[in-house]
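Residue numbers (this note's numbering): 25 to 420.
Where a beta carbon is used, it is the ideal one built from N, C-alpha and C, also for glycine.
The model shown is predicted, which means the values in this text are computed figures rather than measured ones.
Since the structure comes first, as structure tokens, the remarks are kept for the end.
As structure tokens, this is what we get:
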């Protein structure tokens, strides 16, 4: 019995031009809808995942559709859209396959990685379970406490989030990100003094922490509105807009959908309509909360290799390579970058190892008495198990 029940594919209409696809995916007692289509004017394919009508995530894939002298190749577009649609479905299914297999193991780091993947998809119930399991297996795993607190924060369970951050802070050093997220939990509970103090401490430790500067501005703004007789007499503090712009200028937010969100909020801040501004600010603050987002695809790759249930094919491995290689040399002075890249190449080498055995077997199928091929295949097979044991030992 498969862990998911099946899927329904149908064409859809709307903003996704000409090639709208829809799949309903049932996993355990969860039902997800995946919509994918080509946006011709933007030259990209976009896929969106929903559950019970609630938006979870979107993925996009840029494609070169036309030049000045060429017509759109609709066969190519159709093929690319279908392939991307299926890759988003496979990515979602793979998470639950990993979860099913990982439940039988005690490996705190892998549960933490899987928690991040669920968190990044706004699947908070699953994220909480994975981070809690990680903590149960390693009670001193501070990053798992961080993930658990963020999961509660983003799912708007603010009291539980605050208690989680408080426990983590009592067990470790005061890192700026811990303080910032702990401050947010207090802020959403209208505990302004505690929130302001935590944001200020985060900024003291890291003066360039512009997200904390922005959150401090919001806390001062909401505090000024508390109990005031005439809210219209309170202006939005300039620091809210100033630091919102500085957050917008960070490299990770220099992409179209983030730019649009920042600019819409900045326009809203120009008016003193507090009833409209406050909910939008709160929603935006929660959107900015993140945990190791830049490592997401790396963690996904490791977990699919270790617990995905089937060997990753060489084409699948090649698709992940770009997440390990920093072409702009931004991270290549960090030892973690080279460690991750070396581990990736070891995994890729195993896939090439298996490909080599297939080619040796093909040689013997054509010439059964080919002694060199016999010898090479025998030697290669004798080391296959050891290679796999080495990789699993490195990753675990």
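Give the range of the alpha helix (DSSP H) segment to which residue 346 is assigned.
338-348
Contacting residues, own chain, Cβ-Cβ under 8 Å from residue 304 (five flanking each side not counted)
289 and 292
Candidates 208, 199, 197 and 200, of which the one nearest residue 185 by Cα
208
Considering only residues of the same chain and omitting the five flanking positions on each side of residue 406, which have a CB-CB separation below 7 Å?
none
Checking contacts by CB at 8 Å: is residue 183 closer than that to chain B?
Given the protein chain composition of this structure (a single chain), no chain B is represented.
In this structure, how does DSSP classify residue 45 when only helix, strand and coil are distinguished?
strand
With a threshold of 16 other CB atoms inside 10 Å of the CB of residue 297, please say whether the residue is buried or exposed.
exposed
Simplified DSSP assignment, three categories, for residue 34
In this prediction, residue 34 scores a pLDDT of 39, lower than 50, which makes its location untrustworthy; no coordinate-derived value is stated.
Measure the alpha-carbon distance for residue 151 versus residue 257 and round it to whole angstroms.
43 Å
Residues of its chain near residue 83, where Cβ-Cβ distance is below 6 Å and the 5 sequence neighbours each way are ignored:
71 and 112
So for residue 179, helix, strand or coil by DSSP?
coil
In the structure shown, what three-state DSSP assignment does residue 86 receive?
strand
Less than 8 Å separating the beta-carbons of residue 327 and residue 137?
yes
Can you tell me whether DSSP reads residue 402 as helix, strand or coil?
helix
With three or more beta-carbon pairs closer than 8 Å as the criterion, would you say the region 139-147 touches the region 277-285?
no
Between residue 118 and the rest of its own chain, which residues show a CB-CB distance below 7 Å, the 5 nearest in sequence each way excluded?
328 and 332
Compute the distance between the beta-carbons of residue 348 and residue 364, then report whether it is under 8 Å.
yes
Proximal residues to residue 307 (C-beta, below 8 Å), its chain only, five neighbours per side dropped
none
Tell me whether residue 200 is buried or exposed, calling it buried when 16 or more other Cβ atoms sit within 10 Å of its Cβ.
buried
Boundaries (first-last residue) of the alpha helix (DSSP H) holding residue 264
262-272
Taking Cβ to Cβ, would you say residue 241 is nearer than 8 Å to residue 263?
yes
Pop quiz: residue 175 and residue 148 are said to be a contact at Cβ under 8 Å. What is the actual Cβ separation, rounded to whole angstroms?
5 Å
Can you give me the C-alpha to C-alpha distance between residue 453 and residue 234, rounded to a whole angstrom?
What is shown of the chain runs 25 to 420, which leaves residue 453 out entirely.
Per DSSP, cross-strand counterpart(s) of residue 60
45 and 71
For residue 54, list the residues DSSP reports as bridge partners.
51
Integer Cβ distance of residue 388 from residue 397, believed to fall under 8 Å:
5 Å
Taking the straight line between their C-alpha atoms, what separation do you get for residue 80 and residue 315?
17 Å
Rank 265, 312, 60 and 210 by C-alpha distance to the C-alpha of residue 295 and give the top, closest one.
265
Three-state class that DSSP yields for residue 79 in the structure shown:
strand
Please classify residue 251 as buried or exposed, where buried requires at least 16 neighbouring CB atoms within 10 angstroms.
exposed
Report the rounded CA-to-CA distance for residue 358 versus residue 371, giving the unit in angstroms.
21 Å
Within 10 angstroms of the Cβ of residue 56, are there 16 or more other Cβ atoms? Answer buried if so, exposed if not.
buried
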